[in-house]
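I have placed the structure first, in the form of structure tokens, so that the comments after it can refer back to it.
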Amino acid sequence: MASENYYDVTEWPVGNPYEDIGEVINSIIADIKSRQTNIDENEGGKPGAVIYIPPGDYHLCSQVFIDISYLKIMGSGHGFTSSSIRFNTPENEWPNWHELWPGGSRILVNIPLEVNDEEYKGAAFYVERSGDPRISSVEFSNFCIDGLHFVADGPGIKPENTYTNGKTGIYVKDASDSFRITGMGFVYLEHGIIIRDADALSIHDNFIAECGNCIELRGSGQASKITDNLIGAGFKGYSIYAEKFGGLLISANNIFPRGKNSICFEGVTRSSITSNRLHSFYPGMVVFKENCSENLVSSNHFFREHEPWPPFQGIDNGLPDCYGLLYISGSNNSVIANHFSEVIERKKIKPEGETPVIIRIVSGVGNYISNNHVVATEKKEEAHAKISASCFSAQVNALLTTEASEPYTVKTVLVEDESHDNTILDSGSNKQVVMDRYKNAFRVTPAPGE
Numbered sequence: 003m004a005s006e007n008y009y010d011v012t013e014w015p016v017g018n019p020y021e022d023i024g025e026v027i028n029s030i031i032a033d034i035k036s037r038q039t040n041i042d043e044n045e046g047g048k049p050g051a052v053i054y055i056p057p058g059d060y061h062l063c064s065q066v067f068i069d070i071s072y073l074k075i076m077g078s079g080h081g082f083t084s085s086s087i088r089f090n091t092p093e094n095e096w097p098n099w100h101e102l103w104p105g106g107s108r109i110l111v112n113i114p115l116e117v118n119d120e121e122y123k124g125a126a127f128y129v130e131r132s133g134d135p136r137i138s139s140v141e142f143s144n145f146c147i148d149g150l151h152f153v154a155d156g157p158g159i160k161p162e163n164t165y166t167n168g169k170t171g172i173y174v175k176d177a178s179d180s181f182r183i184t185g186m187g188f189v190y191l192e193h194g195i196i197i198r199d200a201d202a203l204s205i206h207d208n209f210i211a212e213c214g215n216c217i218e219l220r221g222s223g224q225a226s227k228i229t230d231n232l233i234g235a236g237f238k239g240y241s242i243y244a245e246k247f248g249g250l251l252i253s254a255n256n257i258f259p260r261g262k263n264s265i266c267f268e269g270v271t272r273s274s275i276t277s278n279r280l281h282s283f284y285p286g287m288v289v290f291k292e293n294c295s296e297n298l299v300s301s302n303h304f305f306r307e308h309e310p311w312p313p314f315q316g317i318d319n320g321l322p323d324c325y326g327l328l329y330i331s332g333s334n335n336s337v338i339a340n341h342f343s344e345v346i347e348r349k350k351i352k353p354e355g356e357t358p359v360i361i362r363i364v365s366g367v368g369n370y371i372s373n374n375h376v377v378a379t380e381k382k383e384e385a386h387a388k389i390s391a392s393c394f395s396a397q398v399n400a401l402l403t404t405e406a407s408e409p410y411t412v413k414t415v416l417v418e419d420e421s422h423d424n425t426i427l428d429s430g431s432n433k434q435v436v437m438d439r440y441k442n443a444f445r446v447t448p449a450p451g452e
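Residue numbers (my numbering): 3 to 452.
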């Protein structure tokens, strides 16, 4: 027997999902609300529903408004493919491609926007419900949200490379509990996911890339996780951002360029960044601001290089190389057993002649930095010959090139005068670690022959 709480957007009698899937889903949600009105019927009454999106291209012209719990919107394929590569390939080559656009269960965000519209109006899916209890157990699974195009926002850069269009994939305005975003694809959105006041949130196994910002946890939150995702924001925004969060787990993500920060915390406490692979073209890969305290950064691989793909060369996040790959403003954080690879070109260091910094502690007390390994090398000229017009080839060649490089001087740990009572163990030589050794504890990394 078919369930009355299972909906297929292609079989719903209201609207045309290929022309405006937003109208169809809003009509389905209205039907769920009209049928599920009793809040206590046989110890139940509002089980929610599943809305299924079969593989296909569905334009979204009306924002989907969600104000019910226990709703799952799911498809049959995240459908991600690189729009950035397509838009930076000559159009006369497109007819020879196997496909041009993202696929799977794909939503094309066509929401009409005005210049001064509020941010939430550009969201494909907008979740808002105040009161008790908090809206709970809304799930998004296994479909693609495609912002289609970026737009010009100033001179000097191709419009499709600006990461600007006012569009958001999922925007959660009010406090929520146990939301799940799994197996999704997000591409060419100014904001992939914005969630405020999250509790027990799971963002797992998604492909979120070529967005201005990928994941933004705003307001406050607790006990949530961002795990096993493939993520990469644009040069203006964050791959992962969180503010006033406690108990956030960020683990096993592959975070690739070119976000201005791979991970940015503001006022975050007692959270963990573990076992991630972080790749960036700029300093400020992981940034702790506003007194982030008692956080663990462990067993991550940091890789910083210069942009190898011609369309984005000459663009950066505006930070100098002395800013640090890991920037800490806060107290009692632990940075243990991370690997840092910095592959640089002397002529591209900013400001010119500056010594790059790996870990920089700018304020706070009691931070514990231990057993971190830093490999800092400068590319030789023969390595530059491998630069390719192909995004894939350029980046793979850059990742694999190790033989054409030589050691380069860096400050592995820099502790500013405003910070004290920190412990730095086995994370650099006497010359590499710069700090007041009367105010901080230090154990040098042993070297052969010493």
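Built from N, CA and C at the ideal position, the CB exists for glycine as well.
Where the beta strand (DSSP E) containing residue i begins and where it ends
{"i": "S331", "result": "328-331"}
{"i": "K238", "result": "Counting along the chain, K238 falls outside any beta strand (DSSP E), and DSSP gives it neither H nor E."}
{"i": "L280", "result": "279-282"}
{"i": "I205", "result": "204-206"}
{"i": "M2", "result": "With the chain covering only 3 through 452, there is no way to say anything about residue 2."}
{"i": "C266", "result": "263-268"}
{"i": "S132", "result": "Careful: S132 lies outside any beta strand (DSSP E) and carries neither H nor E."}
{"i": "N215", "result": "215-229"}
{"i": "F304", "result": "303-306"}
{"i": "V446", "result": "That residue, V446, is in no beta strand (DSSP E); it is neither H nor E in DSSP."}
{"i": "C146", "result": "146-148"}
{"i": "S336", "result": "336-338"}
Reference residue i, options the options, closest by Cα
{"i": "L73", "options": "G106, S178, A154, G261", "result": "S178"}
{"i": "R103", "options": "N112, F89, R131, N94", "result": "Reading off the sequence shown, one finds Trp at residue 103, where the question assumed Arg. It is F89 whose Cα lies nearest to the Cα of W103."}
{"i": "I371", "options": "K350, V417, I346", "result": "V417"}
{"i": "T425", "options": "V435, N373, N369", "result": "N369"}
{"i": "E130", "options": "I330, Y173, R108", "result": "Y173"}
{"i": "G286", "options": "R220, N7, G248, I363", "result": "I363"}
{"i": "G234", "options": "A254, S264, D207, I27", "result": "S264"}
{"i": "P56", "options": "G17, N144, S5", "result": "N144"}
{"i": "E347", "options": "N334, S365, E309", "result": "E309"}
{"i": "L191", "options": "A443, S107, E212", "result": "E212"}
{"i": "N167", "options": "A254, I113, I217", "result": "I113"}
{"i": "T132", "options": "I109, D199, R439, L232", "result": "Per the sequence shown, the amino acid found at residue 132 is Ser instead of Thr. Minimum Cα distance to S132 is reached at D199."}
{"i": "G261", "options": "S253, K238, N278, T271", "result": "K238"}
{"i": "T271", "options": "P92, S336, H303, C216", "result": "S336"}
{"i": "Y9", "options": "W311, D59, G50, S138", "result": "G50"}
{"i": "K227", "options": "A443, N278, G58, H100", "result": "N278"}
DSSP-derived helix/strand/coil call for residue i
{"i": "V26", "result": "helix"}
{"i": "S273", "result": "coil"}
{"i": "G32", "result": "Per the sequence shown, residue 32 should be read as Ala rather than Gly. A32 falls in the helix class under three-state DSSP."}
{"i": "D423", "result": "coil"}
{"i": "P161", "result": "helix"}
{"i": "C294", "result": "coil"}
{"i": "E101", "result": "coil"}
{"i": "N373", "result": "coil"}
{"i": "C63", "result": "coil"}
{"i": "R37", "result": "helix"}
{"i": "G249", "result": "strand"}
{"i": "F314", "result": "helix"}
{"i": "D119", "result": "coil"}
{"i": "D42", "result": "coil"}
{"i": "Y20", "result": "helix"}
{"i": "R260", "result": "coil"}
{"i": "Y410", "result": "coil"}
{"i": "G124", "result": "helix"}
{"i": "D201", "result": "strand"}
{"i": "R348", "result": "helix"}
{"i": "E93", "result": "helix"}
{"i": "Y325", "result": "helix"}
Residue i - containing alpha helix (DSSP H), residue span
{"i": "R88", "result": "85-89"}
Sequence-distant residues of its chain with Cβ nearer than 6 Å to residue i (five each side left out)
{"i": "A378", "result": "E344, Y410, V412"}
{"i": "I75", "result": "I53, F142"}
{"i": "D352", "result": "Rather than Asp, the amino acid found at residue 352 in this sequence is Lys. The residues are P322, D323."}
{"i": "N374", "result": "N340, S429"}
{"i": "T83", "result": "P104"}
{"i": "T164", "result": "F152, D155"}
{"i": "S333", "result": "S295, G366, V367, G368"}
{"i": "G221", "result": "R198, D199"}
{"i": "N40", "result": "G47"}
Same chain only: Cβ atoms within 8 Å of residue i, ignoring 5 sequence neighbours per side
{"i": "P15", "result": "none"}
{"i": "Q65", "result": "G24, I113, K123, A125, A126, F127, Y128"}
Residues near residue i in its chain [Cβ-Cβ closer than 7 Å; skip 5 each side]
{"i": "G269", "result": "E245, K246, E292, N293, C294"}
{"i": "V26", "result": "V11, W14, V16, G17, P19"}
{"i": "P448", "result": "none"}
{"i": "L150", "result": "L110, V111, Y190"}
Residue i: CB within 7 Å of a non-hydrogen atom of the ligand ZN
{"i": "S143", "result": "This structure lacks the ligand ZN; in fact it carries no ligand of any kind."}
Problem set entry | the region 308-319 / the region 355-363 touching (three or more Cβ pairs under 8 Å) | Touching, no.
For this session: Take every Cβ of the region 106-125, pair it with every Cβ of the region 29-46, and state whether three or more of those distances are shorter than 8 Å.
Result: Cβ pair count under 8 Å is below three, so no.
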